[in-house]
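Enquirer: Let me begin by handing over the structure; questions about it come next.
Residue numbers (the numbering used here): 3 to 231.
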């Protein structure tokens with residue numbers, strides 16, 4: 003079967019890394035959510051200050067529901083911050099807000115990996131949704147075996163998207179720390195806490211990329227096994 007066969011062992015490293023990454027982001031975010039930044043700025047105020055200092059007056063900062071649902075939308079030039087980040091004054095709140103500001107700055111400066119990732123969104127969504135379904139049909143209906151190859155090809159775009167996401171996220175975190183230091187929003191001893199939160203968050207993207215790569219490798223092995231039969 004597609005989801006339960008010996009190739010499942012390939013996914014074990016990704017599963018373990020994902021569990022570790024979730025543990026790291028949960029503990030780091032919780033730890034530094036309990037430490038108030040000495041500036042007293044909320045996440046929303048920090049984002050606004052950093053945007054203004056870089057001339058990005060046309061980027062809006064809005065509040066959204068959910069937890070750790072923060073993101074920047076280049077289409078609308080809106081930084082959306084979850085409730086606890088938007089109104090929180092903790093190191094975690096400021097760090098996350100600065101990270102999303104880093105994405106806004108990437109967009110404003112034409113950061114190529116971000117542009118490349120944006121161009122991959124349509125095919126990546128198609129690949130992650132339709133790819134596994136095509137593979138499933140190709141496996142269970144031998145007369146439509148060509149769908150197996152097509153599904154693998156489609157899923158490869160979703161994998162590429164995950165890989166391209168890595169430099170985008172790491173660069174946004176790097177920019178965030180520089181912005182916080184340059185703008186004196188956090189003191190040197192506070193920067194370490196912000197870095198811990200951002201590094202933990204980045205690890206979740208590494209885990210997602212590894213899972214995608216190993217899943218693709220698994221699909222390829224399954225296809226080869228079917229061809230050998």
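Ideal Cβ placement from N, Cα and C applies to all residues, glycine included. All of these numbers come straight from a predicted model, not from anything done at the bench.
Hey, would you say residue 39 sits closer than 8 Å to residue 125, going by beta carbons?
Expert: No, the Cβ-Cβ distance between residue 39 and residue 125 is not below 8 Å.
Enquirer: Tell me which same chain residues have a C-beta within less than 7 Å of the C-beta of residue 110, skipping the five on either side of it?
Expert: 58
Enquirer: For the alpha helix (DSSP H) containing residue 94, name the first residue and the last one.
Expert: 93-111
Enquirer: Assuming residue 81 contacts residue 61 under a Cβ cut-off of 8 Å, what Cβ separation, rounded to an integer in Å, is found between them?
Expert: The Cβ separation is near 6 Å, so the contact holds.
Enquirer: Which same chain residues, not among the five before or five after residue 220, have their C-beta less than 8 Å away from its C-beta?
Expert: 9, 10, 12 and 13
Enquirer: Tell me which residues share the same chain as residue 157 and place their Cβ nearer than 8 Å to its Cβ, disregarding the 5 neighbours each side in the sequence.
Expert: 129, 130, 133, 134, 137, 217, 218 and 221
Enquirer: State yes or no: is the C-beta of residue 179 within less than 8 Å of the C-beta of residue 196?
Expert: yes
Enquirer: Measuring CB to CB, does residue 175 end up less than 8 Å from residue 101?
Expert: Their beta carbons are under 8 Å apart, which means residue 175 touches residue 101 by this criterion.
Enquirer: How would you call residue 184, buried or exposed, if buried means at least 16 neighbouring beta carbons within 10 angstroms?
Expert: exposed
Enquirer: Do you know whose CA, among 198, 47, 224 and 79, lies nearest residue 172's CA?
Expert: With distances taken between CA atoms, residue 172 lies nearest to 198 out of 198, 47, 224 and 79.
Enquirer: Is residue 26 buried or exposed, if buried means 16 or more other CB atoms sit within 10 Å of its CB?
Expert: Counting the other CB atoms within 10 Å of its CB gives residue 26 a total of 16 or more, which places it among the buried residues.
Enquirer: Could you spell out the range, first to last residue, of the alpha helix (DSSP H) harbouring residue 55?
Expert: 45-55
Enquirer: List the whole-angstrom C-beta distance separating residue 65 from residue 86, where the pair is believed to meet the contact cut-off of C-beta under 8 Å.
Expert: Between residue 65 and residue 86 a beta carbon distance of about 10 Å is seen, past the 8 Å cut, so the two are scored as non-contacting.
Enquirer: According to DSSP, is residue 207 part of a helix, a strand, or is it coil?
Expert: In the structure shown, residue 207 falls within a helical segment according to DSSP collapsed to helix, strand and coil.
Enquirer: Spatial neighbours of residue 72 within its chain, please: CB distance less than 6 Å, with the 5 preceding and 5 following residues excluded, ordered by chain position.
Expert: 83, 84, 87, 98 and 102
Enquirer: Please classify residue 140: is it buried, with 16 or more other beta-carbons within 10 angstroms of its beta-carbon, or exposed?
Expert: Classification of residue 140: buried, given that the 10 Å Cβ count is 16 or more.
Enquirer: My understanding is that residue 166 touches residue 182, with C-beta atoms under 8 Å, so please give their C-beta distance in whole angstroms.
Expert: Rounded, the Cβ-Cβ distance is 26 Å, inconsistent with contact.
Enquirer: Does DSSP classify residue 224 as helix, strand or coil?
Expert: In the structure shown, residue 224 adopts helical secondary structure according to DSSP, grouped into three states.
Enquirer: Report the option in 79, 89 and 76 whose CA atom is closest to the CA atom of residue 67.
Expert: Restricting attention to 79, 89 and 76, the CA atom closest to the CA of residue 67 is found in 89.
Enquirer: Please report how far the alpha carbon of residue 188 lies from the alpha carbon of residue 41, in whole angstroms.
Expert: 7 Å
Enquirer: Give the C-beta separation of residue 170 and residue 119 to the nearest angstrom, bearing in mind that I take them to be a contact with Cβ-Cβ under 8 Å.
Expert: Yes, residue 170 and residue 119 are in contact; Cβ-Cβ is about 5 Å, under 8 Å.
Enquirer: Once the 5 residues before and after residue 146 are set aside, which same chain residues still bring their CB inside 7 Å of it?
Expert: 139 and 140
Enquirer: Would you decide whether residue 162 is buried or exposed? Buried here means 16 or more other CB atoms lie within 10 Å of its CB.
Expert: buried
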